[in-house]
Amino acid sequence: MAITSTVLERAGIDLPVETFEQMVIEAAGQMLWATAPIDARRALPLGEGEALARGGLDPSPYRGGIDDPLVRTAAEYAAMVASSMSVVEAAELLGVKDSRVRQRLGERTLYGIKMRAGWRLPRFQFCADGRVPGLDRVLPHLDPELHPVEVLAWLTAANPDLTIDPDDKPVAPLDWLRSGRSPVVVAELAAEA
761 MAITSTVLER
771 AGIDLPVETF
781 EQMVIEAAGQ
791 MLWATAPIDA
801 RRALPLGEGE
811 ALARGGLDPS
821 PYRGGIDDPL
831 VRTAAEYAAM
841 VASSMSVVEA
851 AELLGVKDSR
861 VRQRLGERTL
871 YGIKMRAGWR
881 LPRFQFCADG
891 RVPGLDRVLP
901 HLDPELHPVE
911 VLAWLTAANP
921 DLTIDPDDKP
931 VAPLDWLRSG
941 RSPVVVAELA
951 AEA
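Under our numbering, the residues of the sequence shown are numbered 761 to 953, in order.
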């Protein structure tokens, strides 16, 4: 399927096709370049690759398909970046100046991904009328080394320590915060994530 402005509009992405494609390429490159498979046929001393092949091992590099976890993570990351907001867009939504958004990124009370073209702010932290309540008190407790896909997964996965219903059904940290519950418990859990 070709990426067109119609496809992007249906997905709620308000970017030119070329910008979207560039962001996807950059995001995928950030994910995949460091973990690119090594071609053992070239990396091993002469004869060792052949010995592996004689022993039944295939020394050619692994090529992940659509079910490969790395490929799925790269796609998820690319989608997160491509659908994220710019500093200007986040400032407009929050009713603040761009400089305040950058300040909050530095304080880690807003979550951002630094790209070549500037900061991108994933949409999971926003709702129609601004930010998810209390998330600004949780984000500073998350390990800054967590990958953005890990952050999203942690925030959206049901947590057994967070229950709202009388039947004790666990909810995700974002759902907990959106329901108006105290961010203190989520912040404590974030420190352990």
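A virtual CB, placed ideally from N, CA and C, is assigned to each residue, including glycine.
Check, Outcome
"Ranges of the beta strand (DSSP E) found wholly within the stretch 852–902, counting only runs of at least 3", "873–875 and 878–881"
"Collapsed DSSP secondary structure at residue 921 in the structure displayed", "strand"
"Other residues of its chain near residue 914: CB distance less than 6 angstroms, five sequence neighbours each side excluded", "953"
"The stretch 890–898 touching the stretch 937–947, judged by at least three CB pairs closer than 8 angstroms", "yes"
"Distance, residue 777 Cα to residue 917 Cα", "31 angstroms"
"Beta-carbon gap between residue 842 and residue 780 smaller than 8 angstroms", "yes"
"Exposure label - residue 878; buried when at least 16 CB within 10 Å", "exposed"
"heavy atom of the ligand FAD below 7 angstroms from residue 817 C-beta", "The model on display carries no ligand, and the ligand FAD is accordingly not part of it."
"DSSP beta-bridge partners of residue 931", "919"
"First through last residue of the alpha helix (DSSP H) which encompasses residue 809", "808–814"
"CB-CB length for residue 833 against residue 909, believed under 8 angstroms", "5 angstroms"
"Exposed unless 16 or more other CB atoms sit within 10 angstroms - verdict on residue 844", "buried"
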